[in-house]
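Undergrad:
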Amino acid sequence: AQSVAQPEDQVNVAEGNPLTVKCTYSVSGNPYLFWYVQYPNRGLQFLLKYITGDNLVKGSYGFEAEFNKSQTSFHLKKPSALVSDSALYFCAVRDYGDKLIFGTGTRLQVFP
Amino acid sequence: GAVVSQHPSRVICKSGTSVKIECRSLDFQATTMFWYRQFPKKSLMLMATSNEGSKATYEQGVEKDKFLINHASLTLSTLTVTSAHPEDSSFYICSARVSAYEQYFGPGTRLTVT
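Protein sequence lines correspond, in order, to chains A and B.
Per the working numbering, the very first residue in the first sequence carries number 2; after that it's consecutive.
Per the working numbering, the very first residue in the second sequence carries number 88; after that it's consecutive.
1) Counting C-beta neighbours from all protein chains within 10 Å, is the total for R184 (chain B) 16 or more, i.e. buried, or is it exposed?
2) Can you check whether the CB of S164 (chain B) is closer than 9 Å to the CB of Q125 (chain B)?
3) Going along the chain, which residues of the stretch 127-157 of chain B sit with their C-beta nearer than 9 Å to a C-beta in chain A?
4) With 9 Å as the limit, tell me which residues of the stretch 31-43 of chain A have their beta carbon closer than that to any beta carbon of chain B; keep them in chain order.
5) Identify the contact partners of R197 (chain B) in chain A, using a Cβ-Cβ distance below 8 Å as the criterion.
6) For a contact defined as C-beta to C-beta under 9 Å, what are the partners of G104 (chain A) on chain B?
7) Per DSSP, which one or two residues make a beta bridge with H76 (chain A)?
8) Just the Cα atoms here: how many angstroms apart are A82 (chain A) and Q7 (chain A)?
9) In the structure shown, what three-state DSSP assignment does S186 (chain B) receive?
10) For H94 (chain B), which option in A:K70, A:V28, A:I102, A:G44 has the closest C-alpha, if you only look at C-alpha atoms?
11) When you compare each of A:F112, A:V38, A:L77, A:C24 to V58 (chain A) by their alpha carbons, which one comes out closest?
12) Do F103 (chain A) and V84 (chain A) have their C-beta atoms within less than 9 Å of each other?
13) Below 8 Å on the Cβ atoms is my contact criterion, and I expect V94 (chain A) with V38 (chain A) to pass it. Report the Cβ-Cβ distance as a whole number of Å.
14) Which one or two residues does DSSP pair with E109 (chain B) in a beta bridge?
15) Could you name the residues of the stretch 62-91 of chain A whose beta carbon sits closer than 9 Å to any beta carbon of chain B, in the order they occur along the chain?
16) Does the beta-carbon of H158 (chain B) have 16 or more other beta-carbons within 10 angstroms, so that it is buried, or is it exposed?
17) With respect to the beta strand (DSSP E) encompassing T199 (chain B), which residues constitute its N-terminal and C-terminal limits?
What follows is the structure, encoded as structure tokens:
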């Protein structure tokens with residue numbers, strides 16, 4: 002079965018510093034990976050996806066993610082964090098039937 | 088981008104009553120929609136896949152008689168929580184499949200059962 006793991010419940014970073022939110026995956030076949038962000042009491046907003054091609058994927062709001070096949074990772078990154086980036090971030094993998102299997106989420110807190 | 092709405096955004100109901108949540112794709116047609124449940128500070132749990140014109144496919148452990156899903160048109164899926172109990176209180180989120188690699192999510196519905 003497809004799965005993703007987010008090993009950190011929370012990541013704290015100072016505004017202006019680079020941020021990384023970790024995600025590792027376990028799949029049979031080719032991985033189709035996604036990152037979503039959720040603000041309080043809101044639905045999920047799509048950030049970026051990896052289907053095929055370049056390992057470095059650029060997405061919304063200055064975020065990017067690097068697909069690493071040897072480490073089975075798909076970490077989310079941003080060169081310079083903003084306080085407004087503070088939210089809950091989910092990594093997901095596509096399962097059969099186009100279902101999404103989500104990780105447990107990582108709360109990002111950016112301090113001024 | 089594609090927009091998915093949910094109604095209501097918040098609902099409070101009494102134990103034993105039923106409540107219906109609507110999920111609409113506003114500017115596109117969706118033959119497939121998904122219903123998720125999210126507990127506080129927890130991940131999203133897929134409850135079921137809703138297919139237009141056919142029965143929903145429920146995930147293991149989800150009671151289909153308690154969580155009734157109807158996908159009667161290409162732009163509307165409904166989730167009815169029947170005989171609600173306090174433990175059904177949760178944040179329910181739907182998504183609409185745009186393609187094999189794209190889903191758009193609704194804003195969610197906060198259900199509180201008293």
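Backbone N, C-alpha and C fix where the C-beta goes; we use that ideal spot for every residue, glycine too.
TA: Let me lay it out:
1) What you label residue 184 (chain B) is simply residue 97 of the second sequence in a count that begins at 1. Buried, by the Cβ-count rule.
2) Counted from its first residue, the second sequence places residue 125 (chain B) at position 38. Counted from its first residue, the second sequence places residue 164 (chain B) at position 77. No. Outside cutoff.
3) K128, K129, S130, L131, M132, L133, T136, T144, E146
4) Y33, F35, Y37, Q39, N42, R43
5) As a first step, residue 197 (chain B) is located in the second sequence; it is residue number 110 there, counting from the start. Correct list: N42.
6) Position 103 of the first sequence, counted from the first residue, corresponds to residue 104 (chain A). Here the neighbours are S130.
7) By 1-based counting over the first sequence, the position of residue 76 (chain A) is 75. H76 (chain A) is bridged to A:E67.
8) Start at 1 with the first residue of the first sequence, and residue 82 (chain A) comes out as number 81. Start at 1 with the first residue of the first sequence, and residue 7 (chain A) comes out as number 6. Going by the C-alpha atoms only, they are around 19 Å apart.
9) By one-based count along the second sequence, residue 186 (chain B) stands at place 99. Strand at S186 (chain B).
10) Counting from 1 along the second sequence, the entry for residue 94 (chain B) is found at position 7. Checking every option, the nearest Cα to that of H94 (chain B) belongs to A:G44.
11) As a working note, residue 58 (chain A) is residue 57 in the first sequence. Comparing Cα positions, the closest option is A:L77.
12) To locate residue 103 (chain A), count along the first sequence from 1; it is residue 102. To locate residue 84 (chain A), count along the first sequence from 1; it is residue 83. In this structure, V84 (chain A) does not lie closer than 9 Å to F103 (chain A) by Cβ.
13) Taking the first residue of the first sequence as 1, we reach residue 94 (chain A) at position 93. Taking the first residue of the first sequence as 1, we reach residue 38 (chain A) at position 37. About 17 Å; that fails the 8 Å criterion.
14) For this step, residue 109 (chain B) is matched to residue 22 along the second sequence. DSSP output for E109 (chain B) lists B:H94, B:T165 as bridge partner(s).
15) L89, F91
16) Start at 1 with the first residue of the second sequence, and residue 158 (chain B) comes out as number 71. Classification for H158 (chain B): buried.
17) Position 112 of the second sequence holds residue 199 (chain B). Note, T199 (chain B): beta strand (DSSP E), 196-200.
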